[in-house]
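Peer 1: Numbering (our numbering), first residue to last: 43 to 896. Even glycine gets a Cβ: it sits at the ideal position worked out from N, Cα and C. Here the structure is a predicted model, which means the values were calculated and not measured.
1) When you compare only the Cα positions, how much space is there between residue 415 and residue 89?
2) Any contact of the segment 75-87 with the segment 419-431, i.e. 3+ C-beta pairs under 8 Å?
3) Comparing C-alpha positions only, which one of 404, 403, 381 and 385 sits nearest to residue 393?
4) Just mark residue 118 as buried or exposed, buried being the case when its beta carbon has 16 or more other beta carbons within 10 Å.
5) DSSP three-state label for residue 414, please.
6) Taking the straight line between their C-alpha atoms, what separation do you get for residue 278 and residue 744?
7) Leaving out five residues before and five after residue 272 in sequence, what residues of the same chain have Cβ atoms less than 7 Å from its Cβ?
8) Of the choices 806, 645 and 251, whose alpha-carbon is the least far from that of residue 604?
9) Where does residue 710 sit, in a helix, a strand or coil, going by DSSP?
10) What does the alpha-carbon distance come out to for the pair residue 445 and residue 807?
11) By the 10 Å Cβ neighbour count, where 16 or more other Cβ atoms means buried, how is residue 178 classified, buried or exposed?
12) Could you give the first and the last residue of the continuous beta strand (DSSP E) run that contains residue 153?
13) For residue 244, tell me which candidate among 211, 228 and 221 has the shortest Cα-Cα distance.
14) Could you check the C-alpha separation between residue 664 and residue 682 for me, to the nearest Å?
15) Quick one, are the C-beta atoms of residue 443 and residue 809 less than 8 Å apart?
16) Would residue 378 pass as a contact of residue 395 if the rule is Cβ separation under 8 Å?
17) Three or more beta-carbon pairs under 8 Å between the segment 628-639 and the segment 585-597, yes or no?
18) Leaving out five residues before and five after residue 619 in sequence, what residues of the same chain have Cβ atoms less than 7 Å from its Cβ?
19) With a CB to CB cut of under 7 Å and the five nearest residues on each side skipped, what residues in its chain are close to residue 449?
20) Applying the criterion that 16 or more other CB atoms from any shown protein chain within 10 Å of the CB defines a buried residue, is residue 784 buried or exposed?
21) Scan the segment 305-390 and note each continuous beta strand (DSSP E) run of 3 residues or more that stays entirely inside, going in chain order.
22) What residue from 461, 505, 503 and 694 has the CA that sits closest to residue 484's CA?
23) On the premise that residue 174 lies in contact with residue 97, defined as a C-beta separation below 8 Å, what is that separation, rounded to the nearest angstrom?
24) Taking the CB atoms as reference points, tell me whether residue 296 and residue 282 lie closer together than 8 Å.
25) In angstroms, rounded to a whole number, what distance separates the CA positions of residue 352 and residue 305?
26) Starting from the Cα of residue 581, find the closest Cα among 660, 528, 671 and 350 and give me that residue.
27) Note the first and the last residue of the continuous beta strand (DSSP E) segment covering residue 421.
28) Who are the Cβ neighbours of residue 505 in its own chain at under 6 Å, not counting the five residues just before and after it?
29) Could you spell out the range, first to last residue, of the alpha helix (DSSP H) harbouring residue 515?
30) Return helix, strand or coil for residue 662, following the three-state DSSP convention.
31) By the 10 Å Cβ neighbour count, where 16 or more other Cβ atoms means buried, how is residue 334 classified, buried or exposed?
32) Can you confirm whether the segment 343-357 touches the segment 366-375 when touching is taken to mean that 3 or more C-beta pairs between the two stretches lie within less than 8 Å?
33) With DSSP as the reference, identify every bridge partner of residue 579, one or two as the case may be.
34) Would you mind stating whether residue 208 and residue 108 have Cβ atoms separated by less than 8 Å?
35) Determine the direct distance from the alpha carbon of residue 538 to that of residue 548, and round the result to whole angstroms.
36) DSSP on residue 233, reduced to helix/strand/coil?
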């Protein structure tokens, strides 16, 4: 359907049958904006990454351009197939989509979706999926002669081409095809099982040969059904312009551009077996469109989210552009939310997992496609035939004001605060360095009898150092401790079991999982936690002494100076490798150095750490934050993305913070992952204590802020992505007098606590409210007001001479003025207004600039 006809019909479109599900923006929401990455493109319609730092930009005319990691646009296109594109000059046609093979690093394959000429005079055009290869000698250019046709589908009209294709978590190629075009799908191809138009296809391209274009996955839902093509995964789409998979959950989100009234987002769960019918042309969103031969609405999948083109007189948009579930690090307030926009209006929204929407405002004109880079950061293309641009999503973080309140006291050298992870358990378990674990009830009362008391080696940095509860603690009663063994001082990781009394552990139940030799008496680290993947992570110090004399941080045959990852459930993997006396665990097969050469320890997850005393996982995103205690100059916070595959080298002893320390035997600077925060040793700073990302509900202004401290100075910081690829830290100073921050912890609700080791106290972290603004009044002539009256909303006043006064909604006072003024205030007033709204006239496609979605 031509765009002008679409917009003409919108002027009389019926309102939605149910109100739009829109949630209010959270009170702590940081302002979302865009930062220009690069411009000078001609009609960009897709943004794709290949798993490295580059972005590949698809231009509609038939070019693919590369933006390098530093923002430079390479002058030579990656691919130029302008001669292959159907030359008919229609706004929705062209090179429309791109995706890279999951094994692109090895095979160099990538796939494109474009309109190709079709020789049949009864066919207007076609959509083609084709494979190309990167050039053998240059990773920044493709071989234009390497095309291998996967699939070509003829179309009866020029519009509604769809255009996206992506590999799913299952390794199969998914492609979204429009209904073939025309007004209202006149041939009803979207519901025709014998046509591939208006469908989501699922193909196996791993077995492509010179004679086999693609294979059919055997579990495709219509295999064996003679009335439906085997390629079809789902049906009932009009113009599914963009779709994506959540990189964490695997759920599929598909934006389907509507006809005359509604735009919609459809969602398919990762565990779907396919076969869903999303309703077009029987229904447009929830409204009947052409129900001839159709079943009731309940027979179809209804949208996850939809919006009308017009809401009364408000223009919401006319062409939805589907985006991604945000899984990056720079926009914490958007994490886990699906981001979408509208090409016609420039409106953007974020959707919660339940479908509730938060408007993000009008961020740019003519947004045509979203993209994400290898780290999950989000981008948007601005469609223009003169100066198309690529922007990165950014935020302006809100700065909190942090304070502390005393929660519990009477403890002896508390150095750890842990909850059981059981949703109904409000207790906190406090680790005391001397060998005890104490229970603090939700009211701050410390139980007299320790939960656990064991013998440990003490002195210097030794003792009972860490505690973690098994993810299934409610059923198996297992918990794990990290302590220095009596006599030897070696690190010991052990499992214990709770007794029949939930407040007492069975001290005789110890099972030693791992013993690690300690060369010196310091740099034991001591923390341990279960990650989102269910594995147990154990940071290890470098073994101690000054400057890591044995270079343990960089030596792969020792667990010292590393983060260790083990499977205590022994579900799979290999036998213990470097954990001396190791038993009761296996090494996850996905650990990055499994079966490495030269005796590399399989248990290693990351390396290059000096004394990672405290670390944590963001309970919302799964990102890891590590507080690594420095040598003589710098303290640092290290960071690992939730979807990391491990293997990061955080630099010690080659680097301390960002500064070279001992470069003997070190590699180039690009081999190392540098901190997201450093602070020096001035003003009594000397030992960082890593904390947590706040995810509680009591102090929304803190949400997404990582809170940490320095043991030496007692200062506290908050750390937050700045929305521009960097991090913003705020030094909140010393919040109490003499304070030795030994550890942070969170309760089951995500509220944060901090331990003062020398005071034996636990404090709750709060966010102070900003001061209330002082109201002001303005009067002519000059007057002074002493509160004695009340005025609400509106007032009428007469005075001689004239006095003006802007009242607060509720205030009391007496107005004194010279000359004398008389004011009459009406507490409540009713006003009647009549407004006439005129809908805009039918618009042509040129009002919005051409794009491929209508």
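Peer 2: On the basis of the data shown:
1) Mapped onto the chain shown, residue 415 falls at position 373. Mapped onto the chain shown, residue 89 falls at position 47. Going by the C-alpha atoms only, they are around 9 Å apart.
2) yes
3) Mapped onto the chain shown, residue 393 falls at position 351. The residue from 404, 403, 381 and 385 with its alpha-carbon nearest to that of residue 393 is 381.
4) Translated into the one-based positions of the chain shown, residue 118 becomes position 76. So residue 118 ends up on the exposed side.
5) Counting from one through the chain shown, the residue named residue 414 turns up at place 372. Residue 414 falls in the strand class under three-state DSSP.
6) Here residue 278 corresponds to residue number 236 of the chain shown, with the count starting at 1. Here residue 744 corresponds to residue number 702 of the chain shown, with the count starting at 1. Taking the straight line joining both Cα atoms gives about 44 Å.
7) Here residue 272 refers to the residue found at position 230 of the chain shown. Counting only Cβ-Cβ distances below 7 Å, and skipping sequence neighbours, we find 258, 262, 264 and 265.
8) Position 562 of the chain shown, counted from the first residue, corresponds to residue 604. Per the Cα distances, 645.
9) Position 668 of the chain shown holds residue 710. The answer is coil: DSSP assigns residue 710 none of H, G, I, E or B.
10) Start at 1 with the first residue of the chain shown, and residue 445 comes out as number 403. Start at 1 with the first residue of the chain shown, and residue 807 comes out as number 765. Each residue's alpha carbon lies about 6 Å from the other.
11) Residue mapping note: residue 178 aligns to position 136 of the chain shown, counting from 1. Label assigned to residue 178: exposed.
12) What you label residue 153 is simply residue 111 of the chain shown in a count that begins at 1. Looking at the DSSP string, the run of the beta strand (DSSP E) that includes residue 153 is 151-158.
13) Your numbering for residue 244 matches position 202 in the chain shown. Cα-wise, what sits closest to residue 244 is 211.
14) Taking the first residue of the chain shown as position 1, residue 664 is located at position 622. Taking the first residue of the chain shown as position 1, residue 682 is located at position 640. For residue 664 and residue 682, the distance between alpha carbons rounds to 9 Å.
15) Position 401 of the chain shown, counting from 1, holds the residue named residue 443. Position 767 of the chain shown, counting from 1, holds the residue named residue 809. The Cβ atoms of residue 443 and residue 809 sit closer than 8 Å to each other.
16) As a working note, residue 378 is residue 336 in the chain shown. As a working note, residue 395 is residue 353 in the chain shown. Contact: yes.
17) no
18) Here residue 619 corresponds to residue number 577 of the chain shown, with the count starting at 1. The residues are 629, 643, 644 and 645.
19) Within the chain shown, numbered from 1, the residue matching residue 449 stands at position 407. Excluding sequence neighbours, residue 449 sits near 486, 795, 804, 805 and 806.
20) For the purposes of this step, residue 784 is taken as the residue at position 742 of the chain shown. Burial call: buried.
21) Complete beta strand (DSSP E) runs here, min 3: 347-350 and 380-384.
22) On the chain shown, position 442 is the one that residue 484 refers to. Cα-wise, what sits closest to residue 484 is 461.
23) Taking the chain shown and counting its residues from 1, the one referred to as residue 97 is at position 55. Taking the chain shown and counting its residues from 1, the one referred to as residue 174 is at position 132. No, residue 97 and residue 174 are not in contact; Cβ-Cβ is about 18 Å, not under 8 Å.
24) Taking the first residue of the chain shown as 1, we reach residue 296 at position 254. Taking the first residue of the chain shown as 1, we reach residue 282 at position 240. Yes. Within cutoff.
25) Here residue 352 corresponds to residue number 310 of the chain shown, with the count starting at 1. Here residue 305 corresponds to residue number 263 of the chain shown, with the count starting at 1. Using only the alpha carbons, I get a separation of about 11 Å.
26) Numbered from its first residue, the chain shown carries residue 581 at position 539. Here the closest residue by C-alpha is 671.
27) Taking the first residue of the chain shown as position 1, residue 421 is located at position 379. Its beta strand (DSSP E) spans residues 420-424.
28) Here residue 505 refers to the residue found at position 463 of the chain shown. Result list for residue 505: 475 and 498, in chain order.
29) Sequence index remark: in the chain shown, residue 515 carries index 473 (1-based). Where residue 515 is concerned, the enclosing alpha helix (DSSP H) stretches over 515-518.
30) Counting from one through the chain shown, the residue named residue 662 turns up at place 620. Three-state DSSP puts residue 662 in coil, outside helix and strand.
31) Residue mapping note: residue 334 aligns to position 292 of the chain shown, counting from 1. Counting the other CB atoms within 10 Å of its CB gives residue 334 a total below 16, which places it among the exposed residues.
32) no
33) Your numbering for residue 579 matches position 537 in the chain shown. Note: residue 579 sits in a beta bridge opposite 571 and 607.
34) Mapped onto the chain shown, residue 208 falls at position 166. Mapped onto the chain shown, residue 108 falls at position 66. For residue 208 and residue 108, no; Cβs fall outside 8 Å.
35) Start at 1 with the first residue of the chain shown, and residue 548 comes out as number 506. Start at 1 with the first residue of the chain shown, and residue 538 comes out as number 496. Roughly 7 Å between the two C-alpha positions.
36) Numbered from its first residue, the chain shown carries residue 233 at position 191. Of the three classes helix, strand and coil, the one that applies to residue 233 here is helix, per DSSP.
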